[in-house]
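**Q**
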Amino acid sequence: MVLAPTPVTTDPEATGMDAWPHVVVVGGGFAGLKLCHSLSHQPVRVTLIDKRNFNLFQPLLYQVASGLVSAADVASPLRQMVGQAPNVRVLLGEVTDIDPDRCELICNDRRIGYDRLVLATGSGSAYFGHEEWRPLAPPMKVLEHAQEIRRRLLTALEEAEQTTDRSRQRYLQTVVVVGAGPAGCELAGSVVEMMQSAIRRDFKRLDPTLCRVVLVDAVQRVLPAMDSGLAAEAAEYLRSQGVVLLLNSMVEGIEAGRVRLRREHSPHQIEAATVCWTAGVRGSSLGKLLAERTGCATDRGGRVEVLADFSLPDHPEIRVVGDTCSYKPPGEERPLPGMAGPAVQMGGWVARDLLAELDGRRAEPFRWFDLGSMAVIGPLWAVADLRGLRFTGFIGWVLWGLAHLAFIPENENRVALLTRWLWQIATRQRPAMLITGRPDQHLEVEVGLEPTPSPASRF
Ligand SMILES: Cc1cc2nc3c(=O)[nH]c(=O)nc-3n(C[C@H](O)[C@H](O)[C@H](O)COP(=O)(O)OP(=O)(O)OC[C@H]3O[C@@H](n4cnc5c(N)ncnc54)[C@H](O)[C@@H]3O)c2cc1C
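Counting in the numbering used here, the sequence shown runs from 17 upward without gaps.
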C-alpha cells in the first residue's frame, strides 16, 4: 500500500470558485512561484504547497555563507508573494506521496485532490554515493546549509585567534570548496575575500597570509559549462586572489578535518577546518516517487523525463517543471540545464497552457530562450556570456548585478541587496558575520531528498 490509509479531504472550502478547476502546485521555487503568479486572478483555484514558508533565491546563498547578506535578504514569504491573490491558497507542508489514479496527493497526512498537478520540487545535493561525507562537507542548497558554512568558517577563525600554534592556525584558516562550477567559484571567491578582509580588520592575531581557500574538482577547468576563454580568465582571477585551484583532482575521501584526493594518479591530502560541497545535484525525490507511481522514466540525475508540454506519458493532468524535470528541446540531445532561467520559463509556459486549456486550446509550443550565463568571482568582478557577447571584470559584475536584481522576486529584497552590496564595496564590511545555529541543523533540512541517515553523534 503506497498511500497513508487515513484520508482526510482538504479540497478548498466551498467558495464562489467551486466550479473552477483545482490546480495544485508543489514547490514555491523559481518555477512554482512563476506559475502561481501567472495563474493568480484567473478562473482556476490554485493550491501552492511548500515545505518551507518562503521562496529562496538560491543563486545568492554563497553571500549568506560568506556573511555578506542575511537570510531574509534572499528569502521571501510565499504568503506575501502570491497568497494574497483571492484564488491562490498557500499550504505549508511536505508532500510525501502521490496517488495518480485518484488524482490525490498526501500532505501533512491528509489527502488533497487535484484536477491538474504541477510538480516543481527542485533538486538536492548528491555525494556520488558517499552520504557519509554530508555532515563533514555541507552542501549549499537551502538556507541552513549556507548558515552552517558561515558558522564553520567563523568558528574556525575565532579558534585561530585564540591559539599561538601557527600550524593549527594554518589548518583553521584553510577552506576546501569541492566543485568548480559557478556555485563553487562564487563561494571560493567570496570566502577568500571575506577571510582576508575580516582578518585584517577584525582580528588582532591572525595572519592573512595563512588563509588558504582550495577549489577542488575532477574536471580540467573551472566553470566547465561556460566559454573556455571566460573560464580561463575566471581561473586567473581566482588565483590572483589567493585561491588554490586543484583541478583534475578526484575526491576519494572526506574525514573530519581532512580531504583525500587522487591527483594525476597520486594521492594528495589537504588538512582543512572547513570543507564545503557544491559538486553534485540530483532531482528531488518526489520526482522519483512520481516515476514509481506512474511508471514514467527518470534520467541519470533522477529528473523526470517529460513530454513537450511537461506532462507525463498517460498522465496529461500531471506536469513537472524546473529542476525536477528533464526536458529536451526538440532536436536537442541534452536536456535544459538546472537553472533559474529555464525553471521560470517552464513555470510561465505551463500556466499559459493550463489557461489555454480552459478555452479548449493549447499554448504555442514551449520555446526556451537562453539568456546566457554568468558567475561573480569576486567583489566587482564577474564573467558574463550573454548569447555570445562576453564580458569580464567590472562590466561583467554590473551585468551580473542587474540580472540578479531583476530576477529577485520582491522589491524589498531588491533594495536591501543593492544597499548591502554598495555598503560592502564602500567599506569592505559584511553585516551578517554571525555565528548562529546548531552544528547539525543543516542535516535535517533537504529539498525533497530521501531522509539522510542520522549521524551517530549529534552534539
Ligand atoms: C548555490 C546555488 C547557486 C545557483 N546559482 C544559480 C545562478 O547563478 N543562475 C541560475 O540560473 N541558477 C542558479 N542556481 C540554480 C537555480 O537556483 C535552480 O535551477 C532553481 O532554483 C530551480 O528552480 P525550481 O523551481 O525547479 O526549484 P527550487 O527553486 O529549488 O524550488 C523547489 C521548492 O520545492 C519545495 N519542495 C521540495 N520538495 C517538496 C515537497 N516534498 N513538498 C513540498 N515542497 C517541496 C522546496 O522547499 C522549494 O521551495 C543555483 C543553485 C544553487 C543551489
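Using N, Cα and C, we set each Cβ at its ideal position, and we do this for glycine too.
1) Give me whichever residues DSSP pairs with residue 238 in a beta bridge.
2) Assign residue 397 to one of three DSSP states: helix, strand, or coil.
3) Please list, in chain order, all residues of the same chain as residue 167 whose beta carbon is under 6 Å from its beta carbon, the five residues on each side excluded.
4) Here's the rule I'm using: 16 or more other beta-carbon atoms within 10 Å means buried, otherwise exposed. How should residue 103 be labelled?
5) Thinking just about the alpha-carbon of each residue, which of 98, 66 and 116 is nearest to the one in residue 308?
6) Kindly indicate the opening and closing residues of the beta strand (DSSP E) around residue 249.
7) To the nearest angstrom, how far is the alpha carbon of residue 69 from that of residue 264?
8) Mapping DSSP to helix, strand and coil, what is residue 357?
9) For my contact list, residue 206 and residue 78 are in at a C-beta cut-off of 8 Å; report their separation, rounded to the angstrom.
10) CB-CB under 6 Å to residue 472, same chain, minus the five flanking residues each way: which ones, in chain order?
11) Any heavy atom of ligand 1 inside 7 Å of the beta-carbon of residue 326?
12) Between the alpha carbons of residue 296 and residue 316, how many angstroms are there, rounded?
13) Which whole-angstrom value describes the C-beta separation of residue 44 and residue 300, a residue pair presumed to lie in contact below a C-beta threshold of 8 Å?
14) My understanding is that residue 112 touches residue 128, with C-beta atoms under 8 Å, so please give their C-beta distance in whole angstroms.
15) Relative to ligand 1, is the shortest distance from any of its heavy atoms to the C-beta of residue 42 smaller than 7 Å?
16) Taking the beta carbon of residue 431 as the centre, do at least 16 other beta carbons fall within 10 Å, making it buried, or is it exposed?
17) DSSP three-state label for residue 330, please.
18) Is residue 425 near ligand 1, going by C-beta to nearest heavy atom under 7 Å?
19) Whole angstroms is fine: what's the gap from residue 6's alpha carbon to residue 229's?
20) Given a cut-off of 8 Å on the beta-carbon distance, is the pair residue 130 and residue 38 in contact?
21) With the cut-off set at 8 Å, would you say residue 51 and residue 363 are in Cβ contact?
22) Short check: CB of residue 63 to CB of residue 85, under 8 Å?
23) Comparing alpha-carbon positions, which option in 224, 340 and 402 lies nearest residue 135?
24) Straight-line CA distance for residue 439 to residue 293?
25) Count the other CB atoms within 10 Å of the CB of residue 220; is the residue buried (16 or more) or exposed (fewer)?
26) Taking 7 Å as the cut-off, is the C-beta of residue 68 nearer than that to any heavy atom in ligand 2?
27) Check whether the Cβ of residue 65 sits closer than 7 Å to any heavy atom of ligand 1, and report yes or no.
28) Tell me whether residue 324 is buried or exposed, calling it buried when 16 or more other Cβ atoms sit within 10 Å of its Cβ.
29) Closest by CA to residue 372, which one among 59, 49, 42 and 32?
30) May I have the straight-line CA-CA distance separating residue 231 from residue 33, to the nearest angstrom?
31) Distance, Cα to Cα, residue 225 vs residue 322?
32) Which word fits residue 429, buried or exposed, when buried means at least 16 other C-beta atoms lie within 10 angstroms of its C-beta?
33) Is DSSP giving residue 36 helix, strand or coil here?
34) What whole-angstrom Cβ distance do residue 161 and residue 154 have, given they're in contact under 8 Å?
35) Cα separation between residue 240 and residue 174?
36) As a quick exercise: from 273, 105 and 192, pick the residue whose alpha carbon is nearest that of residue 49.
**A** The relevant details are as follows:
1) Along the sequence shown, read from residue 1 onward, the residue named residue 238 stands at position 222. Beta-bridge pairing links residue 238 to no other residue.
2) Counted from its first residue, the sequence shown places residue 397 at position 381. Reduced to three states, the DSSP call for residue 397 is strand.
3) Locating residue 167 in the sequence shown gives position 151, where the first residue counts as 1. The beta carbon of residue 167 lies closer than 6 Å to those of 451 and 453 in the same chain, with the five residues before and after it left out.
4) By 1-based counting over the sequence shown, the position of residue 103 is 87. With 16 or more other Cβ atoms within 10 Å, it is buried.
5) Position 292 of the sequence shown, counting from 1, holds the residue named residue 308. Per the Cα distances, 116.
6) Stepping through the sequence shown from its first residue, residue 249 is reached at position 233. If you look at residue 249, you'll find it isn't in any beta strand (DSSP E); it sits in the alpha helix (DSSP H) that goes 244-256.
7) Translated into positions along the sequence shown, residue 69 becomes position 53. Translated into positions along the sequence shown, residue 264 becomes position 248. Their backbone Cα atoms lie some 40 Å apart in a straight line.
8) As a first step, residue 357 is located in the sequence shown; it is residue number 341 there, counting from the start. Looking at residue 357 - three-state DSSP - the assignment turns out to be helix.
9) Within the sequence shown, the letter at position 190 stands for residue 206. Within the sequence shown, the letter at position 62 stands for residue 78. Residue 78 and residue 206 do touch by the CB rule: their CB atoms are close to 5 Å apart, below 8 Å.
10) Residue mapping note: residue 472 aligns to position 456 of the sequence shown, counting from 1. Only weak support is given to the placement of residue 472: the predicted model assigns it a pLDDT of 34, under 50, and the value that follows is read from those uncertain coordinates. Scanning its chain for C-beta atoms nearer than 6 Å, with the 5 sequence neighbours on each side dropped, one finds no residue around residue 472.
11) Taking the first residue of the sequence shown as 1, we reach residue 326 at position 310. Taking 7 Å as the cut-off, the C-beta of residue 326 does not count as close to any heavy atom of ligand 1.
12) As a working note, residue 296 is residue 280 in the sequence shown. As a working note, residue 316 is residue 300 in the sequence shown. Rounded to whole angstroms, residue 296 and residue 316 show a C-alpha spacing of 12 Å.
13) Indexing the sequence shown from 1 puts residue 44 at position 28. Indexing the sequence shown from 1 puts residue 300 at position 284. Contact doesn't hold; Cβ gap of about 13 Å is too wide.
14) The count along the sequence shown starts at 1 and reaches residue 112 at position 96. The count along the sequence shown starts at 1 and reaches residue 128 at position 112. With a contact defined as Cβ atoms closer than 8 Å, residue 112 and residue 128 miss out at about 11 Å.
15) Your numbering for residue 42 matches position 26 in the sequence shown. Yes, the Cβ of residue 42 comes within 7 Å of a heavy atom of ligand 1.
16) Along the sequence shown, one-based indexing puts residue 431 at 415. The residue in question, residue 431, is exposed, as its Cβ has fewer than 16 Cβ neighbours within 10 Å.
17) Translated into positions along the sequence shown, residue 330 becomes position 314. Coil at residue 330, not helix or strand.
18) In the sequence shown, the residue the question calls residue 425 occupies position 409. No; taking the cut-off as 7 Å, the Cβ of residue 425 has no heavy atom of ligand 1 nearer than that.
19) In the structure as shown, the chain begins at 17 and stops at 475. Residue 6 is therefore absent and cannot be evaluated.
20) Here the question's residue 130 lines up with position 114 in the sequence shown. Here the question's residue 38 lines up with position 22 in the sequence shown. Between residue 130 and residue 38, the C-beta gap is smaller than 8 Å, which places the two residues in contact.
21) By one-based count along the sequence shown, residue 51 stands at place 35. By one-based count along the sequence shown, residue 363 stands at place 347. The beta carbons of residue 51 and residue 363 sit closer together than 8 Å.
22) In the sequence shown, counting from the first residue as 1, residue 63 sits at position 47. In the sequence shown, counting from the first residue as 1, residue 85 sits at position 69. No. Outside cutoff.
23) Counting from 1 along the sequence shown, the entry for residue 135 is found at position 119. Cα-wise, what sits closest to residue 135 is 340.
24) As a first step, residue 439 is located in the sequence shown; it is residue number 423 there, counting from the start. As a first step, residue 293 is located in the sequence shown; it is residue number 277 there, counting from the start. The C-alpha of residue 293 is placed about 29 Å away from the C-alpha of residue 439.
25) As a position in the sequence shown, residue 220 is number 204, starting the count at 1. Flag for residue 220 reads exposed.
26) In the structure shown, ligand 2 is absent; the only ligands present are ligand 1.
27) The count along the sequence shown starts at 1 and reaches residue 65 at position 49. Proximity of the beta carbon of residue 65 to ligand 1 is indicated: a heavy atom of the ligand is located closer than 7 Å.
28) Here residue 324 refers to the residue found at position 308 when the sequence shown is read from its first residue. Looking at its Cβ environment, which holds fewer than 16 other Cβ atoms inside 10 Å, residue 324 is exposed.
29) One-based indexing of the sequence shown puts residue 372 at position 356. Comparing Cα-Cα distances from residue 372 to each of 59, 49, 42 and 32, the minimum goes to 59.
30) Looking up residue 231 in the sequence shown gives position 215. Looking up residue 33 in the sequence shown gives position 17. Straight-line measurement puts the Cα of residue 33 at about 54 Å from the Cα of residue 231.
31) Your numbering for residue 225 matches position 209 in the sequence shown. Your numbering for residue 322 matches position 306 in the sequence shown. As the crow flies, the alpha-carbon of residue 225 is around 51 Å from that of residue 322.
32) For the purposes of this step, residue 429 is taken as residue 413 along the sequence shown, with counting starting at 1. Burial call: buried.
33) Position 20 of the sequence shown, counted from the first residue, corresponds to residue 36. Looking at residue 36 - three-state DSSP - the assignment turns out to be coil, as it is neither helix nor strand.
34) The count along the sequence shown starts at 1 and reaches residue 161 at position 145. The count along the sequence shown starts at 1 and reaches residue 154 at position 138. With a Cβ gap of about 5 Å, residue 161 and residue 154 count as contacting.
35) One-based indexing of the sequence shown puts residue 240 at position 224. One-based indexing of the sequence shown puts residue 174 at position 158. Their backbone Cα atoms lie some 35 Å apart in a straight line.
36) Here residue 49 is taken as the residue at index 33 of the sequence shown, counted from 1. Looking at the Cα atoms, 105 is the closest of the given residues.
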